[in-house]
Amino acid sequence: MTFTLKVWRQHSADEPGRFVSYQVKNVTPDMSFLEMLDALNEDLISRQEPPVAFEHDCREGICGSCGFLINGVAHGGQRGTTVCQLAMRFFKNGDALTLEPWRARAFPVIRDLIVNRSAFDRIIQAGGFISAPTGTAPAANAILVPKEDADTAFDAAACIGCGACVAACPNASAMLFTSAKITHLNSLPQGQPQRDQRTLSMVAEMRNELFGSCTNHGECEAVCPKRIPLEFIGKMNRDLMRAAWHWHREPLVIPSLVQLPSAEDSHEQFHEEVRIHEEDQAHVEAESPEPAATRR
Amino acid sequence: MLEARIPSGPIEQKWDKCRYDMKLVNPANRRKHSIIVVGAGLAGAAAAATLGRQGYHVHCFSYHDTPRRAHSIAAQGGINSAKNYRNDGDSVLRLFKDTVKGGDYRAREANVYRLAEVSSNIIDQCVSQGVPFAREYGGLLDNRSFGGVQVERTFYARGQTGQQLLLGAYQALEEQIAAGTVTMHFRSELLDIVLVKGRARGIVTRDLVTGQLDCHAADVVVLATGGYSNVFYLSTNAKASNCTAIWRAHRRGALCGNPCFTQIHPTCIPLSSGFQSKLTLMSESLRNDGRVWVPKKEHDTRSPNDIPEDERDYYLENRYPSFGNLVPRDVASRNAKEVCDEGRGVGPHGQGVYLDFADAIHRLGLQTVREKYGNLFEIYERITGDDAYTVPMRIYPAPHYTMGGLWVDYHLMSTIPGLFVGGEANFSDHGANRLGASALMQGLADGYFVLPATVPDYIAANKLDPVSTSDSAFKAAKAEVKDRIDKLLGVNGKRSPDSFHKELGKIVWDDCGMARSDAGLRKALARIPELRDEFWHNLRIVGTGEELNQSLEKANRISDFLELAELMCIDALQRTESCGGHFRVESQTPDGEAKRDDANFAYTAAWEWKGLDQSPAIHKEPLTFEYVPLSQRSYK
């Protein structure tokens, strides 16, 4: 098989990019899309041209590293498939394929098809966890989890954080990604104590990172390699309403006071400070609509 | 030279005694100490999060854009734990015994016992983090069985257990990053370890986006950088997985333990073309319900469903009636190779055996099979175009895991004081063969429980003078790193990095893979230095060192594989016995099983670097077996 590729080439974040056309010959139907790019790169190296930079690692659709747009479709258009798992037999011999990096304000291009997706990490930092310091865990079977809840949590936790949902959304919204993590943790009994603060913080951080909002296009669900359903965005919105509706009493201490560094660094004071600080943080996160901003 | 620091006393009290004897760091003093953790997979992320939560200042390094990409994420089947929820005879002692035996008596008993002991805490910890393990309808945790054992002790989250455990550790790490106790360094690759006054006190890294070289100083360095299966080029490892961190540490004086102990996983999708860039694993859990067979006739080209029952050879069930399809990986792989060598392999190149689910679907129903293995069947269909619900899967062994790695003592400290090694990067626990669902267990045991106890002990017990990156040792290491990069870029030859990697991989696979012989290993040992020489004279990298340059990253990693491969062959050559995954054709039992030689080889080979083109020196750590008596492994 032979393909004409139009590839986005951009040397670095500060330089403008452009499309460059390449011919790739001797492609076999069993090759994966990335193996086809490997072949292109070998060819480019032999011609002393810089190879196309693209991100990839596990090549079995689970690490979430890979991803770019093929003819405008994130991961290329085969349902539930990352681009590393997409076989060339999916395309027709002679096809012209345009390759572009994810396009979103929150995902700046680093080089060629590689973008910076650190914004996703910061959404997780805002509350995408259950606080369980090592060593304090109750016996595993002491917490009963109904199978249906465990299954829902798992379906949501299957997200690989590749960013296709953002790239496919006309608003560059990260709501499918965020709602998947919220649904995973909020569906479980272990996730209940932090449920409200988690939802409020993560949604606020999503907005701070310049992702857009959901307007029900459903493009994200269509390209998601793990088939995360749109329904989770509904769940997230319901949890957001629930969190806003819950009444949390005012914190007892004024945040700005305890955050000042203490003059002396004695053992007891350190402990005291940490204790108050943590208590206070919990309230701030639950109370304020923009806790993440406060924290940073 | 090899002081394993194994605590005295009965085996079930060793870890308690070790912890009791440890020195502690006052909570207020912890933040005055900094710890470098390299790697953010299961072991690295778990250690960084736990040490951060304890109050130390942790700097965590990853060459990925986020810790969630580490290759731990690709582990499928599950994680072992001696919970005995099934009431089928499991216990800490049983898990201990299974692991020692599964590793063919080449692991340290004390380490394995500790692993079994903390396995139960790992499940508790992960459940409280919200890892969505499979559940039964009553809400309790579900279990399944894995190779090499006769109890059901494996916890799982469909076919994505590694992903879910890694996300648990990743989320704990992100929480600590937000709290400010862990500083994360993304897209940052370790290129050297820095020793000051004989202790590991820092690292040199390269920023993969800008190419800038940086020095980082700390009180302790922890490596959790994974295994080196990519030395074979084609393996189930992620493309970037490499040996650079452990190899550079080895060159700085850390001994390398049993480098020839590699695991060839029996259930992978067979190779299809020369362009193939990696092999894909099909979880071993499939052997719970799938039946392995080949046609009885040689070169049988009929479609599998046309071959009648009495013309099929269910060779594992026939040869190993008590373990059947669930024999350990080394045994399953070797048998697959044997039947294929006999000409009974299936598929286009005759390099494959069937894994058949027809019976399981008949017995359990399509729905149950889909629920248990749905995603694996999907992966299989995407790659091969075949529907495994109707046609048996074709599988073949592939490099998957490396039991060898940096030698560590009971505290997981290497022979360089202050350099700790966790997870697959160290050599401990699995001996000559790892049992299924034990890698996740070991990574998390090291990360959550062992390192967070032993690293503080080191900090408390030693007076560590402050060092800064302006120290001459840092400057010298950085200059060396820069030289090496300039040298790679300056070769200006004709061949791409990948072409060297493929050639090296073929040499190692042919002669240091599933079957090893004296002649083959000597051939490889002659060929590898030649290839290495060509590499340094005919390599071509396009671009510079001051930009994101994936060819340079690859070439740099391959340059280390080219040195490690030689040590693997040297190690395989000196160990003239067969054990576990190390199969020397000269040493077999009459029925073709691996034949150990306990009188001469009951030791760990720890190799010392003596310089390039110099023979490495071997140090032997004798292994004694007080609790699991040495015996010929039998799964019949």
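These protein sequence lines are chains A and B, in that order.
What the first sequence shows, in the numbering used here, is residues 1 to 296, in sequence order.
What the second sequence shows, in the numbering used here, is residues 1001 to 1636, in sequence order.
Note that beta-carbon positions come from the ideal geometry of N, C-alpha and C, so glycine has one too.
Values in this document were obtained by computation on a predicted structure and should not be read as measured data.
- Between the beta-carbon of residue 202(A) and that of residue 80(A) there is about 25 Å, and that puts the pair past the 8 Å contact cut.
- Secondary structure of residue 1129(B) (DSSP, three-state): helix.
- One alpha carbon belongs to residue 99(A), the other to residue 17(A), and they sit about 13 Å apart.
- Under the DSSP assignment, residue 1617(B) falls outside any alpha helix (DSSP H), being part of the beta strand (DSSP E) whose first and last residues are 1617 to 1622.
- Residue pairing for residue 173(A): DSSP places it in a beta bridge opposite 212(A).
- Following the DSSP letters along the chain, one finds residue 21(A) inside the beta strand (DSSP E) bounded by residues 18 to 24.
- Per DSSP, reduced to three states, the secondary structure at residue 1276(B) is coil, with no helix or strand assignment.
- For residue 70(A), no CB of chain B lies under 8 Å from its own CB, so it is not counted at the interface with that chain.
- Apart from sequence neighbours up to five positions away, the residues of its chain that approach residue 1527(B) with a beta-carbon distance below 8 Å are 1507, ordered along the chain.
- For residue 179(A), there are no neighbours in chain B by C-beta distance under 8 Å, as the nearest C-beta there is about 16 Å away.
- DSSP places residue 1560(B) within a helical segment (H, G or I) once states are collapsed to three.
- Taken atom to atom, the span from the alpha-carbon of residue 103(A) to that of residue 167(A) is near 6 Å.
- Taking 8 Å as the threshold, the shortest C-beta distance from residue 1348(B) to chain A does not fall below it.
- Judged by beta-carbon spacing, residue 1511(B) lies beyond the 8 Å limit of residue 1504(B), meaning their Cβ atoms are not closer than that value.
- Within 8 Å of the CB of residue 1548(B), the CB atoms of chain A belong to 12, 53, 110, 111, 114, in sequence order along the chain.
- Per DSSP, the unbroken alpha helix (DSSP H) holding residue 1507(B) starts and ends at 1497 to 1512.
- Residue burial is scored here from C-beta neighbours: residue 184(A) has at least 16 other C-beta atoms within 10 angstroms and is therefore classed as buried.
- DSSP places residue 1052(B) in the uninterrupted alpha helix (DSSP H) bounded by 1042 to 1054.
- Using a Cβ distance threshold of 8 Å, residue 1089(B) and residue 1149(B) do not count as a contacting pair.
- With its beta carbon less than 8 Å from one in chain B, residue 81(A) belongs to the interface.
- Taking a 10 Å sphere around the C-beta of residue 1555(B), we find 16 or more other C-beta atoms and assign the residue as buried.
- Sequence-ordered contacts of the region 91 to 111 of chain A with chain B read 110, 111 [C-beta pairs closer than 9 Å].
- Taking the Cα positions, residue 1025(B) is about 13 Å away from residue 1464(B).
- Per DSSP, reduced to three states, the secondary structure at residue 1181(B) is coil, with no helix or strand assignment.
- Of all residues in the region 214 to 247 of chain A, none is placed with a Cβ closer than 7 Å to any Cβ belonging to chain B.
- Taking one beta carbon from each stretch, the region 1210 to 1221 of chain B and the region 1546 to 1566 of chain B have 3 or more pairs nearer than 8 Å; the two touch.
- Ranking 222(A), 178(A), 242(A) by CA distance to the CA of residue 212(A) puts 178(A) first.
- Its chain contains 1270, 1345, 1346, 1394, 1396 as the residues whose beta carbon lies nearer than 6 Å to that of residue 1352(B), once the 5 sequence neighbours on both sides are disregarded; these appear in chain order.
- For residue 1066(B), the C-beta contacts it makes with chain A under 8 Å involve 117, 118, 120, 121, 161, in order along the chain.
- Taken in chain order, the complete beta strand (DSSP E) segments of 3 residues or longer contained in the region 1345 to 1384 of chain B are 1353 to 1356.
- For residue 129(A), the C-beta contacts it makes with chain B under 7 Å involve 1171, 1172, 1174, 1175, in order along the chain.
- Within the region 1118 to 1137 of chain B, the residues whose Cβ lies closer than 9 Å to some Cβ of chain A are 1120, 1121, 1123, 1124, 1125, 1126, 1127, 1128, 1129, 1130, 1131, 1132, 1133, 1134, 1135, 1136, 1137, listed in chain order.
- Scanning its chain for C-beta atoms nearer than 8 Å, with the 5 sequence neighbours on each side dropped, one finds around residue 1219(B) the residues 1033, 1034, 1035, 1201, 1418, 1459, 1464, in chain order.
- 109(A) is the residue among 109(A), 86(A), 226(A), 40(A) whose C-alpha sits nearest the C-alpha of residue 14(A).
- For the C-beta of residue 1452(B), the chain A residues within less than 9 Å are, from N- to C-terminus, 134, 135.
- Checking the DSSP bridge columns, you'll see residue 74(A) partnered with 69(A).
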